[in-house]
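Protein sequences, first through last, are from chains B and G. For the first sequence, the working numbering begins at 2 and goes up steadily by one. For the second sequence, the working numbering begins at 2 and goes up steadily by one. To keep things clear, I will list the structure first and then write my remarks on it.
There are 2 protein chains.
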Amino acid sequence: MGRVTGDGTVGKALEVLDQVAAFGRPVRFSELLAKSSFPKPTLYRFVQTLTNQQMLAYDPERQTYSPGVRLVRLAHAAWEQSTLAPVARPHIDVLSKAVGETVHLAQLDHAQVLYIDKRNAGQPVEMYSQAGKVGPAYCTGVGKVMLAFLDKETADTVIEQQSFHVFTAHTLDSADVLRAELEDIRQNGYGFDREEHEPGIICVAMPILTDTGRVLGALSVTSTTARTNLAGLEAFVPILKDTAAKITRDAQNWSFPDYSTKETTGI
Amino acid sequence: MGRVTGDGTVGKALEVLDQVAAFGRPVRFSELLAKSSFPKPTLYRFVQTLTNQQMLAYDPERQTYSPGVRLVRLAHAAWEQSTLAPVARPHIDVLSKAVGETVHLAQLDHAQVLYIDKRNAGQPVEMYSQAGKVGPAYCTGVGKVMLAFLDKETADTVIEQQSFHVFTAHTLDSADVLRAELEDIRQNGYGFDREEHEPGIICVAMPILTDTGRVLGALSVTSTTARTNLAGLEAFVPILKDTAAKITRDAQNWSFPDYSTKETTGI
DNA sequence: AAACTAAGTTTCAAATAATGAAACTAGTTT
DNA sequence: AAACTAGTTTCATTATTTGAAACTTAGTTT
């Protein structure tokens, strides 16, 4: 660990913010200190500053810090402006209704899959997976199809960063096995998750590419082995391909209004 | 508008981030410069740093900046840990099914309403599209019920910061009118939005308070004048009160696991 | 109750990073 | 080709950050 930060004070403060978020629960100053490479007073001042700025929230009762609400506000702007979500939304709605299964929209963030939208079709079952959640790239459908269409150099960098942690009996557990799988995906134009991340959970995934072949993101339809199988999911390939094409089209035509009138919005 | 930042370099950088988000669309460096109080090279370096850090995203084609994806990841952690959303989720699900109308969960952030969850009666969960959105406090149901139960000092500060922009013929347009309305709300224990923000849109709102009366957030059921009226919405008061009470209870019992095992999660 | 311990907070001189006027570069328009 | 605009770099000055050490609580042990 202890990666070089660069970007001066601001970079260091953001590193602290990431560390707090990485805990996944409210965390005490001393716990943070134990994991941090910063000396005590330095870390202390960063935490104070971030708390003042509402980037962290302090619970005086438990004496713990967690990521603050200001992030929620900022992220809404990010989601609307810097992700595929607003462009893809209407198409995902249609897709979701047509297939009657859970649909995910994801992008690549560093070496991880970042889920940016989701539709629970049928029953709103189990997991509250939400926009903003991250997952591994090497063992998810969306992750693999995005990796498959990256340029070689980027792909190598990203593959190197995969943990290849074995989640199930089907998890691809090395770069070599993964590379072979990616070659297959390039041939087909789409990919599967064969219970590689969670037992019983399978999906078909389709990359969303620009006209020039650059990876924008990926779509997937998820189901369970109890309800269907890979052949069943493969039936969704045409509609997935169609949806991806529409998102590509709209993403390229996407242009932002050049007036800055405050929205009168209705929630 | 040239408010003092404090918190040194980090505070200034975050001010820049807010400014970018405030545009609500991708923005050029020069546009940002025109609105910013920082000299050109200073602003330039902040924007560079924030872009390096993925807090901003740069579109080289259009030469514009927008809030970056790193925020989406961080906000997920904030949403799960520093808001009422995870505690309220199951209760809102129940409420939403029972009332068959749109349900909102909000908190107060500075002087604004921050929506942290939403259920669209018809469709299943459609997250993040609305979580993170901010709205005015003086002319929304959730805003007013939260203001009504703040301690006097905080309330005064917050009321002072309201714009009292007139959205509709029913918008409360001054601090005095608002204060009278808040008194009413304190009497009743709940409040309405009588088309104050958008024509045709009405809601009942219920505060979520701790045992000691501190404001945690607010719930609302929204509908349209085409479908119902205030009397119709008032029928939801008992179930709203019940839901709020359950959220209060769970929020107080809420305790985080003290192990930090990485989640094996299933998306 | 004194001594010990751990967690959190403050101090302050030294080290470092941020600052911004001015100058420069690369496009665009007159 | 001159004038203008947007974006970028330079560098001496200035201000902020840094962290070892000391201090303050609050909790625990002897």
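Glycine included, every Cβ here is placed at the ideal spot set by N, Cα and C.
Inset, instruction - Return helix, strand or coil for V167 of chain B, following the three-state DSSP convention. - result: The count along the first sequence starts at 1 and reaches residue 167 of chain B at position 166. Three-state DSSP puts V167 of chain B in coil, outside helix and strand.
Legend entry - Within chain G, the residues that D110 of chain B reaches when beta carbons sit closer than 7 Å: As a working note, residue 110 of chain B is residue 109 in the first sequence. V70, R74, listed in chain order.
Legend entry - Pick from G:F168, G:V146, G:L151 that is closest to T213 of chain G, judged by C-alpha positions: On the second sequence, residue 213 of chain G is found 212 positions in, with the first residue counted as 1. If we check each option's Cα against that of T213 of chain G, G:L151 comes out closest.
Inset, instruction - Drop a sphere of 10 angstroms on the beta-carbon of A23 of chain B, count the other beta-carbons inside from all chains shown, and report buried for 16 or more, exposed for fewer. - result: Counting from one through the first sequence, the residue named residue 23 of chain B turns up at place 22. By the neighbour-count rule (16 or more Cβ atoms within 10 Å), A23 of chain B is not buried but exposed.
Legend entry - Inter-residue spacing [alpha-carbon to alpha-carbon] between Q188 of chain B and G136 of chain G: Taking the first sequence and counting its residues from 1, one reaches residue 188 of chain B at position 187. Taking the second sequence and counting its residues from 1, one reaches residue 136 of chain G at position 135. Between Q188 of chain B and G136 of chain G, the C-alpha separation is close to 48 Å.
Inset, instruction - Can you tell me which of the three DSSP states E127 of chain G falls into? - result: Stepping through the second sequence from its first residue, residue 127 of chain G is reached at position 126. Any reading at E127 of chain G must be qualified, since the residue scores a pLDDT of 40, below 50, and its modelled position is unreliable; no value is offered.
Legend entry - Limits of the alpha helix (DSSP H) - the one that S31 of chain B falls within: Translated into the one-based positions of the first sequence, residue 31 of chain B becomes position 30. Taken as a continuous stretch (DSSP letters only), the alpha helix (DSSP H) holding S31 of chain B covers 30 to 36.
Legend entry - Beta-carbon gap between D194 of chain B and A206 of chain B smaller than 8 Å: The sequence position of residue 194 of chain B within the first sequence is 193, counting from 1. The sequence position of residue 206 of chain B within the first sequence is 205, counting from 1. Closer than 8 Å, so yes.
Inset, instruction - Check whether the Cβ atoms of V88 of chain G and D251 of chain G sit closer than 8 Å, and answer yes or no. - result: Along the second sequence, read from residue 1 onward, the residue named residue 88 of chain G stands at position 87. Along the second sequence, read from residue 1 onward, the residue named residue 251 of chain G stands at position 250. Yes, they are a contact pair.
Inset, instruction - Rounded to whole angstroms, what's the CA-CA distance from A149 of chain B to F168 of chain G? Just pull it up for me. - result: Position 148 of the first sequence, counting from 1, holds the residue named residue 149 of chain B. Position 167 of the second sequence, counting from 1, holds the residue named residue 168 of chain G. Each residue's alpha carbon lies about 50 Å from the other.
Inset, instruction - Using a Cβ-Cβ cut-off of 8 Å, state whether P125 of chain G counts as contacting chain B. - result: Working through the second sequence from its first residue, we reach residue 125 of chain G at position 124. Low confidence applies to P125 of chain G: its pLDDT is 42, below 50, so where it sits in the model is not reliable, and the reading given next is rough at best. Yes, its Cβ sits closer than 8 Å to a Cβ of chain B.
Inset, instruction - Return the first residue and the last residue of the alpha helix (DSSP H) that A99 of chain G is part of. - result: Taking the second sequence and counting its residues from 1, one reaches residue 99 of chain G at position 98. Run containing A99 of chain G: 86 to 100, per the alpha helix (DSSP H) assignment.
Inset, instruction - Would you check if there are 3 or more beta carbon pairs closer than 8 Å linking the segment 216 to 225 of chain G to the segment 87 to 104 of chain G? - result: yes
Inset, instruction - Compute the Euclidean distance between the alpha carbons of S67 of chain G and V73 of chain G, then round it to the nearest angstrom. - result: Mapped onto the second sequence, residue 67 of chain G falls at position 66. Mapped onto the second sequence, residue 73 of chain G falls at position 72. Each residue's alpha carbon lies about 13 Å from the other.
Legend entry - Three-state secondary structure assigned by DSSP to Y269 of chain B: Any answer about residue 269 of chain B is impossible in this case: the structure gives chain B only from 2 up to 268.
Inset, instruction - Kindly indicate if chain B contains any beta-carbon less than 8 Å away from that of P61 of chain G. - result: Here the question's residue 61 of chain G lines up with position 60 in the second sequence. No - not a single Cβ of chain B is within 8 Å of the one on P61 of chain G.
Inset, instruction - Note down, in chain order, every chain B residue with its Cβ under 7 Å from the Cβ of A14 of chain G. - result: Your numbering for residue 14 of chain G matches position 13 in the second sequence. Simply V11.
Legend entry - Positions along the segment 130 to 164 of chain G whose CB lies within less than 9 Å of some CB in chain B: S130, Q131, A132, G133, K134, V135, G136, T141
Legend entry - alpha helix (DSSP H) segment containing T226 of chain G, residue limits: As a position in the second sequence, residue 226 of chain G is number 225, starting the count at 1. T226 of chain G -> no alpha helix (DSSP H), and no H or E assigned at all.
Inset, instruction - State whether the segment 84 to 99 of chain G contacts the segment 233 to 249 of chain G, with contact taken as three or more CB pairs (one from each stretch) at a distance under 8 Å. - result: yes
Inset, instruction - Could you give the DSSP three-state label for R120 of chain B: helix, strand or coil? - result: To locate residue 120 of chain B, count along the first sequence from 1; it is residue 119. In the displayed model, R120 of chain B falls within a strand according to three-state DSSP.
Legend entry - Residue-level contact to chain G via CB, R26 of chain B, 8 Å cutoff: Residue 26 of chain B sits at position 25 when you count from the first residue of the first sequence. Answer yes: the Cβ-Cβ gap between R26 of chain B and chain G drops below 8 Å somewhere.
Legend entry - Option in B:R29, B:S38, B:V146 with minimal Cα separation from Y270 of chain B: The structure shown does not extend to residue 270 of chain B, since chain B spans only 2 to 268, so no value can be given for it.
Inset, instruction - Under 7 Å Cβ to Cβ from L210 of chain B, same chain only, skipping five residues before and after it: list those, please. - result: Counted from its first residue, the first sequence places residue 210 of chain B at position 209. Counting only Cβ-Cβ distances below 7 Å, and skipping sequence neighbours, we find F150, V216, L217, T249.
Legend entry - Cβ neighbour criterion (16 or more within 10 Å) applied to R71 of chain G: Here residue 71 of chain G corresponds to residue number 70 of the second sequence, with the count starting at 1. Burial call: buried.
Legend entry - Span of the beta strand (DSSP E), counted from its first residue to its last, around M207 of chain G: Taking the second sequence and counting its residues from 1, one reaches residue 207 of chain G at position 206. 202 to 210 is the extent of the beta strand (DSSP E) around M207 of chain G.
Legend entry - Alpha carbon of F237 of chain G to alpha carbon of L241 of chain B, nearest angstrom: Here residue 237 of chain G corresponds to residue number 236 of the second sequence, with the count starting at 1. Here residue 241 of chain B corresponds to residue number 240 of the first sequence, with the count starting at 1. Our two residues, F237 of chain G and L241 of chain B, have alpha carbons roughly 41 Å apart in a direct line.
Inset, instruction - Figure out for me which residue from G:P40, G:S38, G:G25, G:G12 has the closest Cα to the Cα of M56 of chain B. - result: Your numbering for residue 56 of chain B matches position 55 in the first sequence. Measuring from the Cα of M56 of chain B, the nearest candidate turns out to be G:G12.
Legend entry - First and last residue of the uninterrupted alpha helix (DSSP H) at P137 of chain G: For the purposes of this step, residue 137 of chain G is identified with residue 136 of the second sequence, where counting begins at 1. First-last for P137 of chain G: 135 to 137, but that is the beta strand (DSSP E), not the alpha helix (DSSP H).
Legend entry - Listed by chain order, chain B residues near Q82 of chain G by CB distance under 7 Å: Position 81 of the second sequence holds residue 82 of chain G. By Cβ distance, chain B contributes R26, P27, S67, P68.
Legend entry - Distance between P42 of chain G and D8 of chain G (C-alpha atoms, nearest Å): The count along the second sequence starts at 1 and reaches residue 8 of chain G at position 7. The count along the second sequence starts at 1 and reaches residue 42 of chain G at position 41. D8 of chain G and P42 of chain G: Cα-Cα distance of roughly 20 Å.
Inset, instruction - Can you tell me the Cβ-Cβ gap for T172 of chain G and E197 of chain G, rounded? I've got them flagged as a contact below 8 Å. - result: On the second sequence, residue 172 of chain G is found 171 positions in, with the first residue counted as 1. On the second sequence, residue 197 of chain G is found 196 positions in, with the first residue counted as 1. Contact holds; Cβ gap of about 5 Å.
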